[in-house]
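Notes follow once the structure below has been shown.
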Amino acid sequence: MEKPLGIQSWAEEDRPREKLLLKGRTTLSDAELVAILIGSGSTELSAVELSKKILASVNHDLNHLAKLSVSDLMQFKGIGEAKAISIVSALELGRRRKTGEQRAKVRIKCSADAYEAISPELLDQPVEQFWVIMLSRSNQVLNKRPISLGGVSGTVADPKVIFKKALEDLASGIILVHNHPSGNLKPSRADLQLTEKLAHAGKLLEIPVLDHIIFTDNGYFSFADEALL
1 MEKPLGIQSW AEEDRPREKL LLKGRTTLSD AELVAILIGS GSTELSAVEL SKKILASVNH
61 DLNHLAKLSV SDLMQFKGIG EAKAISIVSA LELGRRRKTG EQRAKVRIKC SADAYEAISP
121 ELLDQPVEQF WVIMLSRSNQ VLNKRPISLG GVSGTVADPK VIFKKALEDL ASGIILVHNH
181 PSGNLKPSRA DLQLTEKLAH AGKLLEIPVL DHIIFTDNGY FSFADEALL
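Taking UniProt numbering, the leading residue of the sequence shown gets 1, the next gets one more, and so forth.
Written out as structure tokens, the structure reads:
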């Protein structure tokens, strides 16, 4: 089989680095951007071809690509530890940029606002996590607190821990959030029971539970919107 031509044999304007310099970063495809990160391909594939193979494995979904670990990426021939780390690091920087955009005081007016506020923390997470958004009297976000980290199908939320953190933040109200990595938006019986328990505790402490959001990368379920609070 004839060996494919390497990037250096391409026309200068077609090489990813040169293309970025000549035409700007927005002209590059996802595969070309990944190719710049990894620098070189394998003996059989150019960097761009190898990048296309990696992207094809996740159906060209960058959110899915962001969930791959270093060891996952190293399963591709031509991707060693250093190249895998480069990809993971670049995607993590992208996630942190989203986090930085959320640093200004945000006022929660509806469930969509809560979903957007917690997205930087829960987007692309492969296991269940439970978070609480702490709100001021005017519904401004005071803090976003992680409560627990679980497995692929569950996590634990201790009411004592939740309200201890709420009292520390002087929160006037809280929004509960946990993610479903599976993408399933339907609340479980345990979700319903926990929400009822925490809502009752919140009333006693005068720190009302304003909503409980089930978070997925492609949408959310709001207990408040569905009149389950």
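Where is the CB? At the ideal position from N, CA and C, for every residue including glycine. As the structure is a prediction and not an experimental result, all values here were calculated from the model.
| Asked | Found |
| --- | --- |
| Under the three-state DSSP convention, the category P159 falls into | helix |
| Every unbroken alpha helix (DSSP H) inside the UniProt domain "MPN" (107-229) [4 residues or more] | 111-122, 159-168 and 189-205 |
| Where K98 falls: helix, strand or coil (DSSP) | helix |
| Contact check, A199 vs L229, beta carbons under 9 Å | yes |
| When G183, Y220 and R137 are compared against D176, the one with the closest alpha-carbon | The identity of residue 176 in the sequence shown is Leu, whereas the question assumes Asp. The shortest Cα separation from L176 among G183, Y220 and R137 belongs to Y220. |
| Cβ pair count under 8 Å reaching 3, the region 120-135 against the region 208-219 | yes |
| V58: first and last residue of the uninterrupted alpha helix (DSSP H) it sits in | Where V58 is concerned, there is no enclosing alpha helix (DSSP H), given that its DSSP letter is neither H nor E. |
| Whole-Å CB distance - R95 paired with L123, under 8 Å assumed | 7 Å |
| For L50 and L91, believed in contact at Cβ under 8 Å, the rounded distance | Their Cβ separation, rounded to whole angstroms, is 17 Å, which puts L91 and L50 out of contact at 8 Å. |
| Residue from N179, Q140 and M74 with nearest C-alpha to G121 | Inspection of the sequence shows that residue 121 is occupied by Glu rather than by Gly. Closest option to E121, Cα to Cα, is N179. |
| Helix, strand or coil at T26 according to DSSP, with G and I counted as helix | helix |
| Reduced DSSP secondary structure (H/G/I, E/B, other) of E81 | helix |
| DSSP three-state assignment for A90, whether helix, strand or coil | helix |
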